[in-house]
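Chains as they are written, first to last, in the working numbering: chain A, 2 to 215; chain B, 3 to 322. Cβ atoms here follow ideal geometry from the backbone N, Cα and C, with glycine treated the same way. Heads up: the structure comes next, in structure tokens.
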Amino acid sequence: MTRILLTAACLVAAFGLSGCKIVKTQTADEKAPAADASGDDARIQNLLAETWEPKLVPTINEKALPVADLRAAVASGLEAAGKAHGKAGSGAGAAWNFAVKGEGKVVEANLESRARTLGLDTDADGASDVTLQLGPVVKGTALRDFSPFYDFTNFRDQIEFAKLGRALNDVATASVQIPDGDPIGKTAAFTGVIAIRSASEAWLVSPITLEMKP
Amino acid sequence: MRGNRERKMNFKRRILVSAMALAMAGALPSLAAAADSIAIITPSHDNPFFKAEADGAAAKAKELGYEAMILVHDDDANKQSQLFDSAIAAKVKAIILDNAGADASVAAVQKAKDAGIPSFLIDREITASGVAVSQIVSNNYQGAQLGAEEFVKLMGEKGEYAELLGKESDTNAGIRSQGYHDVIDQYPDLKMVAQQTANWSQTEAYTVMESMLQANPGIKGVISGNDTMAMGAWAALEAAGRTDVIVVGFDGSNDVRDSIAKGGIKATVLQPAYDQAQLAVEQADKFLKTGATGVEEKQLMDCILINADNASKLETFALK
Chain A
2 MTRILLTAAC
12 LVAAFGLSGC
22 KIVKTQTADE
32 KAPAADASGD
42 DARIQNLLAE
52 TWEPKLVPTI
62 NEKALPVADL
72 RAAVASGLEA
82 AGKAHGKAGS
92 GAGAAWNFAV
102 KGEGKVVEAN
112 LESRARTLGL
122 DTDADGASDV
132 TLQLGPVVKG
142 TALRDFSPFY
152 DFTNFRDQIE
162 FAKLGRALND
172 VATASVQIPD
182 GDPIGKTAAF
192 TGVIAIRSAS
202 EAWLVSPITL
212 EMKP
Chain B
3 MRGNRERKMN
13 FKRRILVSAM
23 ALAMAGALPS
33 LAAAADSIAI
43 ITPSHDNPFF
53 KAEADGAAAK
63 AKELGYEAMI
73 LVHDDDANKQ
83 SQLFDSAIAA
93 KVKAIILDNA
103 GADASVAAVQ
113 KAKDAGIPSF
123 LIDREITASG
133 VAVSQIVSNN
143 YQGAQLGAEE
153 FVKLMGEKGE
163 YAELLGKESD
173 TNAGIRSQGY
183 HDVIDQYPDL
193 KMVAQQTANW
203 SQTEAYTVME
213 SMLQANPGIK
223 GVISGNDTMA
233 MGAWAALEAA
243 GRTDVIVVGF
253 DGSNDVRDSI
263 AKGGIKATVL
273 QPAYDQAQLA
283 VEQADKFLKT
293 GATGVEEKQL
303 MDCILINADN
313 ASKLETFALK
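Shown next as structure tokens:
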């Protein structure tokens, strides 16, 4: 008898857990009012588990253009480049988000700030032309906005959608190794995403991989 | 015969009643049935932010050949419901709405939808999707992060600061505070020594700032949930001879623009209220003509950092 009860309890627990995970494609009807801010963290962790490794990382790796190619595409028209290779954020005037990969010599490094950055020279002119954000403070929500899997309409409100952006930035910075010692002069290879509103805007990359070469 | 006459009388009376109803309806603002009209419903225009919204929407509506029916709900959901009834009775083609409550407004928007009138929301979200055609809101979180990044930079990543919170019942107060702290809290040398609500109010912010200063004379910066509170705090700081304190606000009002120009408040974050309202009318027009807006229902509009570099270009919640 107790065994049956226990089994039943286990089943309930198991179903309860798996039930919690199916939130990604929730519709307005399924969105119960109980889905308030108190459930945000758990819901977002589930969403990350479903999307980060299985979908987002492969998508970024697959779509990442070499720096020079993306620069050329953007230079001949941001809108066209965006439609061909990127994804626009939600709303008018939102930035175009692109996946990009490349390598360059580290010519600037700020590893003391809470917003750590590396400035790379990818075209060998001696000046920094790509800035990698190494966190923990990361500007923007390019990882979220590049992804085709997250739609603002399916989120309760701005806050929940914002928490996803922050969580993605946190996952990304956690998976990137901060270089030991002085990185200046070394070569760094990266894959990541950028958000730009104009062709002339400086590139601020949210990297998902970073490899230091001597 | 008698029965017939009675019936005729009744019929006459009914016509009279209908005529009176029509006359009354005609007495309401801009209900002329001749041109296609769009209702523009916002909170009170006493706040220049909402006035800018209504002006922006009305200008775009006129440009696209609609008559604008401008109404205010004064943040009263019951009044808003009555305004929706009026708009439905006036057979407007579409409703542009800055709503009077995320939950309470769902029913009103649904009522219009049931009557075949699409609604396009600006500034504030409602808690349901699939009821309005569009919900275009400022990206308050992104804006707050911009303000916080500027604040951190101005503070040199360290020092004591205070936060003025907006009205607790308003979700925008919470959203902005979260955006601020997601950035500022990552800097261990920035210490929040006071945090208090001033309910979006300039006069309240003045008093709150006075007492915060007395209790914490070491304050180096103040980050505020909106511009009116930032103005109140700045007045208190000026009165106390503490114009060295860094103040950052939110909204992009002309008052703060002028303060920035004079070297007072250091920065604010512009919510593009005017453009947002215009965009909503454009989407309404496209929806009426083609049956679709071509974009997602919920849309975020990014905010823009305003500081001494670009303050001169700011005019009535839009960058020139």
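- With distances taken between CA atoms, A:W53 lies nearest to A:N170 out of A:L205, A:L121, A:N170, A:E212.
- Annotation: B:K291 to B:L66 spans about 12 Å, alpha carbon to alpha carbon.
- With contact defined as three or more Cβ pairs closer than 8 Å, the segment 68-78 of chain B and the segment 39-53 of chain B are in contact.
- Every beta strand (DSSP E) of 3 residues or more that sits fully in the segment 123-178 of chain B is shown, in chain order, as 136-140, 161-167.
- Residues of the segment 125-157 of chain A with a C-beta less than 9 Å from any C-beta of chain B: G136, P137, V138, K140, G141, T142, D152, F153, T154, N155, F156, R157, listed in chain order.
- Collapsing the DSSP output to three states places B:S213 in a helix.
- Boundaries cannot be given for B:F252, as no beta strand (DSSP E) includes it and DSSP labels it neither H nor E.
- Per the coordinates, the alpha-carbon of B:E170 lies some 16 Å from the alpha-carbon of B:N142.
- Non-local C-beta neighbours of A:A143 in its own chain, meaning closer than 7 Å and more than five positions away in sequence, comprise N98, V194, I195, A196, S207, ordered along the chain.
- Exposed is the label assigned to A:I185, since fewer than 16 other Cβ atoms lie within 10 Å of its Cβ.
- By the beta-carbon neighbour count (other beta carbons within 10 angstroms, threshold 16), A:D146 is buried.
- For A:A173, there are no neighbours in chain B by C-beta distance under 8 Å, as the nearest C-beta there is about 15 Å away.
- Taking 9 Å as the cut-off, the Cβ atoms of B:A286 and B:K95 count as close.
- Around the beta-carbon of A:R198, fewer than 16 other beta-carbon atoms lie within 10 Å, marking it exposed.
- In its chain, beyond the 5 residues on either side, Y189, D191, L192 have a beta carbon closer than 8 Å to the beta carbon of B:E159.
- Leaving aside the five residues that flank B:I308 on each side, the residues in its chain whose CB is nearer than 8 Å to its CB run, in chain order, G254, V258, R259, I262, A269, T270, V271, L272, L316.
- The count of Cβ pairs closer than 8 Å, one atom from the segment 239-246 of chain B and one from the segment 209-229 of chain B, reaches three, so the stretches are in contact.
- Any Cβ of chain B closer than 9 Å to the Cβ of A:Q159 would place that residue at the interface, and such an atom is present.
- In the structure shown, B:W236 falls within a helical segment according to DSSP collapsed to helix, strand and coil.
- At least 9 Å separates the CB of B:V224 from every CB of chain A.
- Within the segment 115-164 of chain A, the alpha helix (DSSP H) runs of at least 4 residues that lie entirely inside it are, in chain order, 143-147.
- Using a 10 angstroms sphere on the CB of B:P274, the tally of other CB atoms reaches 16 or more, which defines it as buried.
- Under the criterion of beta carbons closer than 8 Å, A:A74 and A:A82 qualify as touching, at roughly 4 Å.
- Residue range 204-214 is occupied by the beta strand (DSSP E) that includes A:P208, with no alpha helix (DSSP H) assigned at that position.
- Looking at the DSSP output, A:N111 sits in a beta bridge with A:T118.
- Annotated three-state conformation of B:G293 is coil, per DSSP.
- The DSSP-derived three-state label of A:V194 is strand.
- Between B:G168 and B:G227 the beta-carbon gap is near 4 Å, inside 8 Å, which marks them as a contact.
- Here the alpha carbon of A:V139 sits roughly 15 Å from the alpha carbon of A:A110.
- Between A:F191 and A:L205, the CB-CB gap reaches or exceeds 9 Å.
- B:L166 is not a Cβ neighbour of B:T129, given a cutoff of 9 Å.
- In terms of beta-carbon proximity, A:R44 stays away from the interface with chain B, with every pair separated by 9 Å or more.
- For A:S91, the C-beta contacts it makes with chain B under 8 Å involve E298, K300, Q301, L302, in order along the chain.
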